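Asks: Have a look at this one.
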Amino acid sequence: MPRTLFDYVKRAMPFNANGSLSDDVYSVVAYILAQATIIKPSETMNAATLPKVAMPNRDGFEPDPRPEMKLYR
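Read in order, the letters of the sequence shown are residues 1 to 73 in our numbering.
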């Protein structure tokens, strides 16, 4: 899930110039996660640490039961 946040920030920001951010958007993602108290503000965020972030609702997602969804994966 933190990778989804990274991907969104990378593609959608800034609002007036979508996709113009460099590959180093880890600081923006770290700021968002720290503001949500998911990580400590002092934690370093990079390609190695991002996938290790434990999101609060990581076990709360239900698989999509619709049979046609397998066509989109």
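Even glycine gets a Cβ: it sits at the ideal position worked out from N, Cα and C. Note that the structure is a prediction, hence the values are computed from the model and not measured.
1) Please state whether the Cβ-Cβ distance between Leu50 and Val29 is less than 9 Å.
2) Taking Cβ to Cβ, would you say Ile86 is nearer than 9 Å to Met55?
3) Round the Cβ separation of Pro41 and Ala47 to the nearest angstrom and send it over; I've been treating them as touching at under 8 Å.
4) Given Phe61, which residues of its chain have a CB within under 6 Å of its CB, disregarding the five upstream and five downstream residues?
5) Is the beta carbon of Met13 closer than 9 Å to that of Leu5?
6) Considering only residues of the stretch 12-58, which uninterrupted alpha helix (DSSP H) runs meet the minimum length of 4 residues and lie entirely inside it, listed in chain order?
Replies: In this structure, then:
1) For the 9 Å CB-CB criterion, Leu50 and Val29 form a contact.
2) In the structure as shown, the chain begins at 1 and stops at 73. Residue 86 is therefore absent and cannot be evaluated.
3) In fact, because the Cβ distance is near 20 Å, the residues do not count as touching under 8 Å.
4) If the five residues before and after Phe61 are omitted, its C-beta is found closer than 6 Å to no C-beta atom of its own chain.
5) No, they are not a contact pair.
6) Inside the stretch 12-58, DSSP marks whole alpha helix (DSSP H) runs of 4 or more residues at positions 26-35, from first to last along the chain.
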